[in-house]
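In my numbering, the protein residues as written are 88 to 359.
Here's the structure we're looking at; comments come further down.
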Amino acid sequence: MRKTLILLAAAALACCACCQQPKLVILHTNDTHSHFEPVRGGEYDGLGGCIERAAFVDSVRAANGADRVLLLHAGDFSQGTPYFSELGGVLEPRIINDLAYDCITLGNHEFDNDIEALTARLKAIRPETKIVCANLDLSGFEMGEIVKPYAIIRRGGMKIGIIGLEADLSTNVTKTVSSRLSQLDDVEVTNRWADYLHDTEKCDLIILLSHIGYEEDQALVPQTRWIDLVVGGHSHTFVDGFVYVADANGKKVPIITDGCWGLEMGQIDVKR
């Protein structure tokens with residue numbers, strides 16, 4: 088699904104039907120769940136596939152310039168097919184590397200093979216791909232050296248801050264895993280890092296890359312500030328466009344998510 092936004096003063100985003108070339112193109116996926124091949128049969132026959140996704144990403148980068156394209160994944164790139172269960176997740180980092188994702192957050196299914204196995208997989212992801220998650224305390228784990236609360240990426244002449252959020256692990260992973268991790272308050276960490284990215288780093292655009300769910304994103308935004316766009320996952324929700332929710336400052340924040348299994352790839356054309 089392709090959407091168009093216009094970048095306003097203070098990096099606010101609003102719907103626009105302009106025809107000018109975008110300043111920035113954001114491509115996003117979520118909940119691909121190790122679906123590397125197109126679906127065979129049924130309602131989604133022929134949709135998806137990592138080769139098809141890669142070809143689309145390549146075409147957008149070629150048309151707009153790679154320095155003006157931002158590729159995001161909102162979590163749960165793991166689990167869901169025998170590719171993961173039989174091979175232990177070794178293919179997923181390769182796909183992330185081959186598509187050259189710019190930034191990803193963690194989904195609950197990333198933890199299905201325990202913390203140490205996930206750490207090994209994350210170490211196989213190229214360093215250019217930033218991995219963000221602000222609401223897990225990873226300070227006591229090797230993973231904390233790889234996963235950071237936020238990332239700053241420059242694209243299209245813009246300084247872009249990205250904050251990551253994970254789902255509630257107490258209800259989404261085994262007790263063996265969740266008991267080892269401390270989960271931080273979503274509102275507190277979002278505002279803490281949004282304040283930093285807005286006030287100190289002076290980012291032009293602040294994105295919340297969220298794996299808490301579509302309805303949960305809508306409940307979170309009114310308690311936050313400085314977020315310009317929410318790219319979500321976890322709930323496998325298919326939508327036709329943005330839903331706008333007012334934040335604590337009264338600014339309307341667009342929220343988007345992109346179904347599951349890589350059946351679609353979201354495209355947001357950001358125009359100034």
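Even for Gly, the Cβ is constructed at its ideal location relative to N, Cα and C.
Whole-Å CB distance - residue i paired with residue j, under 8 angstroms assumed
i      : j      : result
ASP315 : ILE342 : With a Cβ gap of about 11 angstroms, ASP315 and ILE342 do not count as contacting.
GLY300 : THR116 : Actually they do not touch by this definition, with Cβ atoms about 16 angstroms apart.
ILE183 : ILE138 : Actually they are not in contact, since the Cβ atoms of ILE183 and ILE138 sit about 15 angstroms apart, beyond 8 angstroms.
LEU307 : VAL274 : 7 angstroms
GLY133 : VAL144 : Not really, about 19 angstroms apart at Cβ, beyond 8 angstroms.
LEU296 : ILE250 : 7 angstroms
ASP185 : GLY320 : That belief does not hold up - the Cβ atoms of ASP185 and GLY320 are roughly 20 angstroms apart, past 8 angstroms.
MET230 : LEU111 : In fact, because the Cβ distance is near 30 angstroms, the residues do not count as touching under 8 angstroms.
VAL318 : LEU178 : At roughly 24 angstroms, the Cβ-Cβ gap does not stay under 8 angstroms, so VAL318 and LEU178 are not in contact.
GLU253 : THR192 : 7 angstroms
Separation of residue j from residue i, as counted between CA atoms
i      : j      : result
ASP154 : GLU197 : 29 angstroms
GLY328 : ARG359 : 20 angstroms
VAL147 : ARG267 : 41 angstroms
SER322 : ALA150 : 32 angstroms
GLY175 : ASN195 : 16 angstroms
GLY167 : ASP199 : 11 angstroms
ALA98  : VAL219 : The predicted position of ALA98 is uncertain, since its pLDDT is 33 and thus under 50; a value taken from the coordinates is nonetheless stated next. Each residue's Cα considered, the two are about 21 angstroms apart.
THR287 : ALA281 : 10 angstroms
ARG181 : ALA161 : 17 angstroms
LEU256 : ASP224 : 12 angstroms
VAL330 : GLY337 : 15 angstroms
CYS103 : LEU157 : Bear in mind that the predicted position of CYS103 carries a pLDDT of just 42, short of 50, making it unreliable; the figure below should be weighed with that in mind. If I take the Cα positions, the gap works out to 19 angstroms.
VAL234 : PRO109 : 30 angstroms
PHE325 : SER226 : 35 angstroms
ASP334 : SER265 : 30 angstroms
LYS217 : GLY129 : 36 angstroms
HIS120 : LEU205 : 15 angstroms
LYS289 : ARG140 : 33 angstroms
ASP189 : GLN270 : 25 angstroms
TYR237 : ILE247 : 10 angstroms
TYR170 : LEU284 : 38 angstroms
ALA278 : GLU302 : Contrary to the premise, residue 278 reads as Asn rather than Ala in this sequence. In a straight line, the C-alpha of ASN278 is about 19 angstroms away from that of GLU302.
GLU351 : GLY136 : 10 angstroms
PRO214 : THR263 : 29 angstroms
PHE123 : LYS210 : 21 angstroms
ASN222 : ASP272 : 6 angstroms
ILE239 : ASP201 : 28 angstroms
Opposing strand residues paired with residue i [DSSP bridges]
i      : result
TYR237 : ILE250
THR344 : GLY319
VAL264 : DSSP output for VAL264 lists no bridge partner at all.
VAL224 : For the record, residue 224 in the displayed sequence is Asp; it is not Val. ASP224 pairs with SER269.
HIS297 : In the sequence as presented, His is not what sits at residue 297; that position holds Ser. For SER297, which the question treats as bridged, DSSP gives the partners LEU252, GLY319.
LEU292 : ILE247
VAL330 : ILE342
ARG242 : MET245
ILE218 : ILE191, VAL234
Buried or exposed by the 16-neighbour rule on C-beta atoms within 10 Å, applied to residue i
i      : result
ASP345 : buried
SER165 : buried
ALA101 : Note on ALA101: pLDDT 39, under 50, position unreliable in the model; no value is reported.
CYS105 : At CYS105 the pLDDT is 46, less than 50, meaning the model places this residue with poor confidence and gives no usable figure here.
ALA96  : Low local confidence applies: a pLDDT of 32 at ALA96 is under 50, so the model's placement there is unreliable, and no value is given.
VAL332 : buried
GLY353 : buried
ARG208 : buried
ALA142 : exposed
PRO309 : exposed
ASP356 : buried
THR311 : buried
GLY243 : buried
PRO118 : What sits at residue 118 in the sequence shown is Asp, not Pro. Under this definition ASP118 is a buried residue.
What alpha helix (DSSP H) runs, 4 residues minimum, are completely inside the region 120-201? 137-151, 169-174, 178-186
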